[in-house]
Each structure stands twice: as C-alpha cells, then as structure tokens.
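Protein chains in written order, with the working numbering: chain A, 1 to 536; chain B, 1001 to 1163.
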Ligand SMILES: Cc1ncc(C[n+]2csc(CCOP(=O)(O)OP(=O)(O)O)c2C)c(N)n1
Ligand SMILES: [Mg+2]
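The structure is reproduced here in structure tokens:
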C-alpha cells in the first residue's frame, strides 16, 4: 500500500479515533488516505489550535493524541503548541508534511526545517527518509510520547515519501536499546521515605501534573488520608484531589493561597509528587531545603536535584511508588498541624462591586457550584486563570491550563480536544478578553463540528495581568495593555450563531450561569470586570 | 573543574545536533567535543570535556541521558583518565631553523608529516596539557596554521562502557 495509507493504518493500530489538523499540499497524500478511514478529522482554524486541541484530548485520555499540519508555515504555526505540550509533559504525536525529499535543503516553496526548529521542544523527532520505516517510526513515536516522562514527538514526512508503495506490517514490539523508562521505585528508597513520613510532625504532600500522567490521583488521596497529611498542589496539580476535600489546602506559589504557601513554609517534611519545583510554584527552594526534609518522586531522573536539593529521591512511576509506600506506611495522625492550616482556609468573602462590573471571583465560584461534579474546567492565562485556579472549586472532574508555558489562547482549543475526548462531560473554558482574541477563530470549529462548549470571557478591556504588573512594578506606566478596538463579543458570538449573553451586574450572575449550564449547544458568557480588579 | 564525559550514541542522523543543541540550551560550557564511530558501526562515541561544578556535570549527564539516541553516559574519573588529542601544526621553517624544530619534535614526540622549503608540518598526539607545552615551544618560529581534534578518552583498567 501507499505509505500515506500506512500512516493512517498506524494511527488505527494505535486506537486513534480523532485527529486535529489543517491541510496543505505537502500533506495531501496523507489526507487523501485519512478521508477513507474511520478516523474523525477536526479542521481547526489555525494549526496552533490543532496542537492545543490534541493537548486537551491527550490530557483527558492520558494517551498520545495526534495533530497534523502541512510543511513550512503550517508546521511553524504548530511550534507554540508543541512547546506548550512539552513544558507540561503532554503526550502528542505531531505529523507534518515536508517538501519532496530530493528538494530538501534548497529553500523550495514552503520548506521549513521543522525537526530542527522544534528540536528544543520535542521529546524526539523523525524526518522520514525511507518509507518502509514508517510503521516502525510510528510505533516508536507513540511509545516515546506516551511512556516515561510523556511529551510531544514529531514525525516529518516528505510528500514524495507519502506516495511510495510499501509493505505494511505494524511492529508488535519496540527495540530501542537507548530508551528505558523507569517504573517501580527503588525499595530501599521507598522504605526510607515511609520512615521519614512516619517521623515527621508537620508533613505535607505537594502534588503536581505528574500525578495525572501517572494516573495516581487515587493513590495521592489514599496516602493523604491514611497518613493524615495535608495536600497542596501546583497549578498543574489542581483537581488531583477535590478542591473541596478537607485535606486540600489549595494551590501553592506566587499566585497561590495562604493555607497552601504556609503549609510549605512551615512543614518539616514535603513529599513532592510529579512536581518539578518550578520557579512560579516555589520561589525559594533554598528555604525549603533548610527547613524541611524533601522526598521527591518523579519519573524523570533529571528533575531530581535540578531545582531543589533532595533528601530522598525516588525515580519512577508515581502510581507504583505510592502503592509501594502505602503498603508499608502505618496509619498516622497530624490533627493539630492540619487544624493550624485549616484555620487559614476560611470561606472566601466576595466584595461587592459597583454596577457595570462583577466580581470575577464570585462569578467563577458560583459557576463551579452550579456545574456538575465531573466538569472539565480549562483556564486560559492571565488574571482570569488565577481567579479560576483559586475560586473554581473542583469537586471531581479535571482542571486544565497551560502551566509551564503560560500560553495565551490555550483554553478554547484545549476545551475542544477535552470535549471530544469525553463527549458526555461538561467542559467550560474561561479566558480573558485578550486571550479570547488569540483564539476566537475557533468558534467556527466549535460550530462546524457541533462541540457544545461553555465559554466565559472575563472582559476587563485590558491585558489585565500585565496591566497590574505595570502598575505595581513600573511606576504605573501602563502601556500597550489596552484592548480598545475589541469587537462586541456578543455580536461576534451571534455572528457564529452561538448563544450568548453579557453579565454586568451581580444580580445577573445566577440567571446567566443557569442558562450557561443548561444550554444544549455552545454558550458564551461575557463577564464585565473592572480593569483594576486584583489578581489575588 | 574539568570533566571528561564519554557518551555512546546511536549512529543516527541528527544526533550531534541534538547533543550540541542541549549544551547551549541548558547553558553548559563545553571545552571540546570529539565524535567518531566505534567498533560497532551502529554506535558512535562522543567524548566531551566540560568545565563546571558537580551540579553542572550531574545535570549534563541526566539531560544527555534523556535524549532518546543516547545509549550510555559516563564521566571518567580524573585519576583513571587516559586522554589524547591530536594536533597538526604548519610552522615557518627556513633552512637555518629546521634542525632546531626537528629537535623539538624529537623531544616532544611529534612527527614530521610534511616539509617544504619554508615550512614544516608536525603532528603530535598527547594529553591536552602536553599540547599546550608543545604549542609554546613552536610558537616563536611562527605558526602558520594549527588544528586540534578535541580530546578523546578511555578509562584505565579492564572495565568498559557497555551498550
Ligand atoms: C502568547 C502569550 N503572549 C503574551 C503573554 C504574556 N501575558 C501573560 S498574561 C497576559 C494578559 C492576558 O490578558 P487577558 O487574556 O485579557 O487576561 P486578563 O489578565 O485580563 O484576565 C499577557 C499578555 C502570554 N502569557 N502568552
Ligand atoms: Mg483581559
């Protein structure tokens, strides 16, 4: 069969049901073959969003998802999405068309060295030179993307190669002598960790995005309950245990909450699970080193000791390691310590805002209350993101955001992917008026493919977070953060035939949320917010 | 401190650019890098000399290990290091200086690989420090051109870095 058909067969073998992409000449043989398969193709309106949609799909299924672009500008448009997935360790297989192999290197029309350009942001990449290697390359790509520390893998396929006839045999096994992801934790280290936890007076668990990659949410909760340990999360770890759980002290870091940051500052032992101690999460790793014993569980050995010196490192799969620990750890109690933190976690009081605007924290908090327990909530980047992180109380479900890269324009395409991965689950995307305008072309994708998303725009007519930064750190010299010239979002949604409404006073909140939640199709709410509303 | 690191890699296209890209990206300072195929044609061996503290070497090793094409990484302990670098130098050598230069060559263990009426080209293979000494000795005659390979190294003893 043609190599292009083989590529599609590979995807079928990997159980791929939905792909996201945007065609062009160099990937046409593949599209030709794809149209004859049962795989559903979602045409996005910009390649970056194909990447973000695959990202959302992958994070919900916890398996590699696929996005596709043509050569040159199609491929380079994907780079931000590839980097976003890389920073958050999201498994993706990225397929790009390339100019004909005999033309490579001559700067021909729509030629871009995408394997070179994406090199810093991929776990691995392939430029296919021999069509018969396609089954092996695809097998390896899915394996690499979805095992160990997950991440994006790029396959660049020249257009002539896609047209070569090959024998199709999908390999059953992988032979990669240089790639051996670790799995179980070293028993001795596990024992040391369990002993240290048993000795601690003020232990805390810090859960990061790795907990989801390892499918270890239940184990985190089990450990927390059995050993009576409070849990804090990084932004990437939000929703690994419900926000409403009495042991959950909230998100740590620069934009985190008091109860969580105090837990980290006052603890005598911290168990980092799939959290890389990023600069936004832990501002002063040396303080932590001096004051607490540090246990670090991570699948990536390179994360151990990278940002913080660790007392007990355990490399491996968090689910397996936590189960190993659970087997030997006794039941413990830390009531006094937990009560100390709970005292800081009092119910939020929402200040009233003047008419014309609403308190965004109140809005997201009410929205969270009204959405079903299993809701997938996607936050964009900016103030809207932090309001959502801290006030959209997840009772189950899944919280998604671009944590490592902080990529504006992530929420709606990610929500598209998440919804297609889990069609029965309600999905809400919350974004700013700046970030909305980086992704509003995807309203068409939602309409074309009947994807009933719920969208909230926090409209402050500012690049709010930067505006605030300039006010605080640049002597109030606010510049280039005014979004005058923005369209009327309600008319815009109307132009797409999407139901929508504007909320500009507190007494409108409940009704709007009711309609948003019960809408059968896509629904958009624009929330008017004061430009001086604070992030925290 | 200088560290000598040996890396076995799959002999695939693009490996070298992945390795060198990693250095600049992660801010590692590399003194030299040498690559060549091993007795197994599917495997190449990279020797790299880097300057930095223990944290840097640990990170360098770990980040290298993450590359899918990297089979094995090992830092060779300083006291067990056998290292060599090859140097070729074309030196100004008018007739009256020739015998002086030949004496230097003899003492340092350099070989004459080419000679003209006005130049001598010498070849020497030794440890990096020794080459610095050699360079200092020939410098006064005028070096027209000089080229070095970068260090290659093995570890003393019967132990070997396996695939
Ligand atoms: C692609 C991209 N460009 C720039 C930034 C820098 N940035 C961070 S937050 C922010 C403002 C976002 O404005 P908006 O979407 O309106 O959200 P708000 O903060 O007002 O809620 C900007 C520009 C970014 N994170 N991503
Ligand atoms: Mg805004």
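Even glycine gets a Cβ: it sits at the ideal position worked out from N, Cα and C.
Residue i beta carbon near ligand 2 (any heavy atom closer than 7 Å)
{"i": "residue 524 (chain A)", "result": "no"}
{"i": "residue 130 (chain A)", "result": "no"}
{"i": "residue 359 (chain A)", "result": "no"}
{"i": "residue 380 (chain A)", "result": "no"}
{"i": "residue 458 (chain A)", "result": "yes"}
{"i": "residue 148 (chain A)", "result": "no"}
{"i": "residue 434 (chain A)", "result": "yes"}
Check whether residue i and residue j have beta carbons under 8 Å apart
{"i": "residue 98 (chain A)", "j": "residue 125 (chain A)", "result": "no"}
{"i": "residue 93 (chain A)", "j": "residue 64 (chain A)", "result": "yes"}
{"i": "residue 414 (chain A)", "j": "residue 394 (chain A)", "result": "no"}
{"i": "residue 1047 (chain B)", "j": "residue 1116 (chain B)", "result": "no"}
{"i": "residue 1045 (chain B)", "j": "residue 1052 (chain B)", "result": "no"}
{"i": "residue 214 (chain A)", "j": "residue 317 (chain A)", "result": "yes"}
{"i": "residue 382 (chain A)", "j": "residue 464 (chain A)", "result": "yes"}
{"i": "residue 167 (chain A)", "j": "residue 2 (chain A)", "result": "no"}
{"i": "residue 442 (chain A)", "j": "residue 489 (chain A)", "result": "no"}
{"i": "residue 197 (chain A)", "j": "residue 329 (chain A)", "result": "yes"}
{"i": "residue 117 (chain A)", "j": "residue 79 (chain A)", "result": "yes"}
{"i": "residue 358 (chain A)", "j": "residue 504 (chain A)", "result": "yes"}
{"i": "residue 185 (chain A)", "j": "residue 312 (chain A)", "result": "no"}
{"i": "residue 145 (chain A)", "j": "residue 73 (chain A)", "result": "no"}
{"i": "residue 41 (chain A)", "j": "residue 21 (chain A)", "result": "yes"}
{"i": "residue 396 (chain A)", "j": "residue 374 (chain A)", "result": "yes"}
{"i": "residue 292 (chain A)", "j": "residue 325 (chain A)", "result": "no"}
Residue i: CB within 7 Å of a non-hydrogen atom of ligand 1
{"i": "residue 530 (chain A)", "result": "no"}
{"i": "residue 486 (chain A)", "result": "no"}
{"i": "residue 407 (chain A)", "result": "yes"}
{"i": "residue 1070 (chain B)", "result": "no"}
{"i": "residue 356 (chain A)", "result": "no"}
{"i": "residue 462 (chain A)", "result": "yes"}
{"i": "residue 431 (chain A)", "result": "yes"}
{"i": "residue 383 (chain A)", "result": "yes"}
{"i": "residue 466 (chain A)", "result": "yes"}
Amino acids of chain A, ordered along the chain, whose beta-carbon sits closer than 7 Å to that of residue i
{"i": "residue 959 (chain B)", "result": "Any property of residue 959 (chain B) remains undetermined from this structure, which presents chain B solely from 1001 to 1163."}
{"i": "residue 997 (chain B)", "result": "Given that chain B is displayed from residue 1001 to residue 1163, the structure contains no residue 997 (chain B) and the question cannot be resolved."}
{"i": "residue 1021 (chain B)", "result": "119 and 120"}
{"i": "residue 1010 (chain B)", "result": "178"}
Per-residue contacts from residue i into chain B (C-beta, under 7 Å)
{"i": "residue 144 (chain A)", "result": "1068"}
{"i": "residue 124 (chain A)", "result": "1068"}
Below-8 Å beta-carbon distance, residue i vs any chain D residue
{"i": "residue 1097 (chain B)", "result": "No chain D appears in the structure shown, which is made up of the protein chains A and B."}
Through-space distance from residue j to residue i, alpha-carbon basis
{"i": "residue 1119 (chain B)", "j": "residue 1018 (chain B)", "result": "40 Å"}
{"i": "residue 1109 (chain B)", "j": "residue 187 (chain A)", "result": "54 Å"}
{"i": "residue 1059 (chain B)", "j": "residue 302 (chain A)", "result": "7 Å"}
{"i": "residue 1125 (chain B)", "j": "residue 127 (chain A)", "result": "38 Å"}
{"i": "residue 257 (chain A)", "j": "residue 390 (chain A)", "result": "7 Å"}
{"i": "residue 1147 (chain B)", "j": "residue 121 (chain A)", "result": "35 Å"}
{"i": "residue 432 (chain A)", "j": "residue 1062 (chain B)", "result": "39 Å"}
{"i": "residue 176 (chain A)", "j": "residue 1022 (chain B)", "result": "21 Å"}
{"i": "residue 509 (chain A)", "j": "residue 363 (chain A)", "result": "7 Å"}
{"i": "residue 447 (chain A)", "j": "residue 1030 (chain B)", "result": "53 Å"}
{"i": "residue 530 (chain A)", "j": "residue 522 (chain A)", "result": "26 Å"}
{"i": "residue 254 (chain A)", "j": "residue 385 (chain A)", "result": "13 Å"}
{"i": "residue 203 (chain A)", "j": "residue 230 (chain A)", "result": "7 Å"}
{"i": "residue 1152 (chain B)", "j": "residue 1076 (chain B)", "result": "11 Å"}
{"i": "residue 220 (chain A)", "j": "residue 344 (chain A)", "result": "22 Å"}
Neighbouring residues, chain B, relative to residue i (Cβ below 8 Å)
{"i": "residue 175 (chain A)", "result": "Chain B residues near residue 175 (chain A): none, gap ~11 Å exceeds 8 Å."}
{"i": "residue 115 (chain A)", "result": "1014"}
Listed by chain order, chain A residues near residue i by CB distance under 9 Å
{"i": "residue 1163 (chain B)", "result": "177 and 178"}
Chain A residues whose Cβ lies nearer than 8 Å to that of residue i
{"i": "residue 1025 (chain B)", "result": "120"}
{"i": "residue 1018 (chain B)", "result": "119"}
Amino acids of chain B, ordered along the chain, whose beta-carbon sits closer than 9 Å to that of residue i
{"i": "residue 305 (chain A)", "result": "1055, 1058, 1059 and 1062"}
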